[in-house]
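Undergrad:
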Amino acid sequence: MNRRLENVTCCGCCLLCDDILLEISTQGASISNACSRGREFLTTLIENTSISANPNSDEKLKTARQWLKESKSPLMCGLQGISLEMQAESVRFAQKEQMFLSAGKDTESTFAYQKYGGSGCSFGELRHRCDLLICFNFDPFTQWCRFSERFLEPAGRFVKSRNDRTVVYVGTSDYLENSEAFDEVVLLDDKNQRNTLVQTRLSLQSDVEQDVSAESQNLCQIFRDQVVKSQYPILLQGSAEFGVATQLTQLLMEINKTTRLHRIAAGSGKHSGSPQETILAMTGFPDHVSFRNDGIEYDPQRYCAKRLIAHEEVDCVIVVGETDFEDLLQDTSIRLIQIKNQSEKTPSPSGSRIELNWEQLAGTQLRCDGVPVPVKSWNLKQPENSLETLFRTLNS
């Protein structure tokens, strides 16, 4: 059976390119317009369509149900790399089973946004208006292979070519892989990132020349001179620990007193939406909650997944999608039920670990600028083991 599918949305990274051409036959698949990361993602996804529609054995399902029934303090975490609908389904299951629920990723940046607010814009504005792009701890040319092709090089409504834009990298060398793609690079010492941002902010507040580090002088030059002269400056913010994210946000607030520096929060890898936003919409709280029969309790410190697991305050962990603390899960003796998409690769299960699979690509994803994108299922067969079905089975 041959199939030609046009305008397929690729979830290989958070650009969510929607112009992919797939030609699937019994001899294999041909993929056009995808980058190397997207090609790998789609190839794996196509290969997984040949897997049995019900790869979860009755024994594994029976054991997982038993673990949940015996659990006194279950935890659900992860929720990364899955559609918004599946995130909502996971929240409902956690509430019904009275679990702890922790998003378990990127919470530091979320805290900073909650406390100090953010000034955002869309990638459409980046393409059509941005003449100065500052990338903080994020290399879009490496993380998003088609970034330049789709957003920087095409003529925008007000910016006609790549030559009309200045792209600057600011951050540590850990996040920089392609320095030649940037017009200017300002490297910050990892240990002094926070202090450098504090110095820069204080310098911008004062008209008097201050004795500051070379890194802070470079940042002052960018934020005081280039941002002011730019018609539409944008900050593309990547990873940052809590103190750095907070200082960066305060710096933006200082800059925005006199001029406007728009911000886009960036994420690497597969991007399907923000679990924090999903939990906030469904519970009124953004990330770490405890569901009880008398209500919901919110405590971002106490109910953080890493803390609960490290202190063994939970006796069963359900991981849906991806996490950023796989090493911690490997070392724990707590019972672990990992519910993963067929394309994800995880360590081999052990006596206290069960892996359950589901096949699902369809659902609403979020583009990196927060715009929802509906993704149609293009699998050769409709999956029988959807995430909703798995939850119903575990609850039976």
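Quick note on this note's numbering: the sequence shown kicks off at 262 and runs consecutively. Backbone N, C-alpha and C fix where the C-beta goes; we use that ideal spot for every residue, glycine too.
1. Is it the case that the Cβ atoms of VAL473 and VAL447 are separated by a distance below 8 angstroms?
2. Quick one, are the C-beta atoms of GLN359 and PHE552 less than 8 angstroms apart?
3. Need the endpoints of the beta strand (DSSP E) that GLU616 sits in, please.
4. Can you name the start and end residues of the alpha helix (DSSP H) that PHE419 belongs to?
5. Do the segment 576 to 595 and the segment 378 to 395 meet, that is, are 3 or more Cβ pairs less than 8 angstroms apart?
6. With distances taken from CA atoms, which of PHE412, SER647 and GLY545 is nearest ALA623?
7. Taking 8 angstroms as the cut-off, does the segment 473 to 492 touch the segment 533 to 542 (at least 3 CB pairs, one atom from each stretch)?
8. Please classify MET337: does DSSP put it in a helix, a strand, or coil?
9. Could you tell me which residues DSSP pairs with GLY385 in its beta bridges?
10. Please classify ASP588 as buried or exposed, where buried requires at least 16 other C-beta atoms within 10 Å of its C-beta.
11. Where do the ends of the alpha helix (DSSP H) carrying LEU329 lie?
12. If I'm right that ALA239 touches ALA506 with Cβ under 8 angstroms, what's the distance once you round it to whole angstroms?
13. With DSSP collapsed to three states, give me the class of ASP561.
14. If we count the other Cβ atoms within 10 Å of its Cβ and call it buried at 16 or more, is PRO633 buried or exposed?
15. Buried or exposed: where does GLU414 fall if 16 or more other Cβ atoms within 10 Å of its Cβ makes it buried?
16. As a quick exercise: from HIS572, ALA416 and PHE402, pick the residue whose alpha carbon is nearest that of VAL428.
17. Taking just the CA atoms, how far does VAL459 sit from SER477?
18. Pick helix, strand or coil for ARG596, following the three-state DSSP scheme.
19. For the beta strand (DSSP E) that VAL473 lies in, which residues bound it at each end?
20. Which residues mark the beginning and the end of the beta strand (DSSP E) in which GLU267 is found?
21. So for GLY499, helix, strand or coil by DSSP?
22. Counting only the same chain and skipping the five closest in sequence on each side, list residues whose C-beta sits under 7 angstroms from that of SER313.
23. For ARG418 and ASP280, I'd like the C-alpha separation in whole angstroms.
24. Would you check if the distance between the CB atom of ILE595 and the CB atom of ILE570 is smaller than 8 angstroms?
25. ARG653 by DSSP, collapsed to three states: which one?
26. Are the CB atoms of LYS321 and LEU655 nearer to each other than 8 angstroms?
27. Just curious, the beta strand (DSSP E) that PHE354 is in, first and last residue?
28. Can you tell me which of the three DSSP states LYS567 falls into?
29. Please determine, among LEU522, THR304 and THR433, the residue with the shortest C-alpha to C-alpha distance to GLY499.
30. Considering only the beta carbon of each residue, do GLU649 and GLU350 sit closer than 8 angstroms?
TA: In brief:
1. no
2. yes
3. 614 to 619
4. Element bounds for PHE419: n/a, residue is neither H nor E.
5. No, because fewer than three Cβ pairs between the segment 576 to 595 and the segment 378 to 395 fall closer than 8 angstroms, the two stretches do not touch.
6. SER647
7. no
8. Residue state, collapsed to three classes: strand.
9. BP columns for GLY385 are empty, so no partner.
10. exposed
11. Membership of LEU329 in the alpha helix (DSSP H) is indicated by the continuous run 319 to 331.
12. With the chain running from 262 to 657 in the structure shown, residue 239 is simply not present.
13. In the sequence as displayed, the identity of residue 561 is Pro instead of Asp. It is coil, neither helix nor strand.
14. exposed
15. exposed
16. PHE402
17. 9 angstroms
18. strand
19. From DSSP, VAL473 is part of no beta strand (DSSP E); its letter is neither H nor E.
20. 264 to 269
21. coil
22. The predicted model places SER313 with a pLDDT of 49, which falls under 50 and marks its position as unreliable; any figure quoted below should be read in that light. Excluding positions up to five away in sequence, the list is empty.
23. 21 angstroms
24. Cβ distance < 8 angstroms, so ILE595 and ILE570 count as in contact.
25. helix
26. Using a Cβ distance threshold of 8 angstroms, LYS321 and LEU655 do not count as a contacting pair.
27. Element bounds for PHE354: not the beta strand (DSSP E) but the alpha helix (DSSP H), 345 to 357.
28. In the three-state DSSP reduction, LYS567 falls in the helix class (H, G or I).
29. Answer by Cα proximity: THR433.
30. yes
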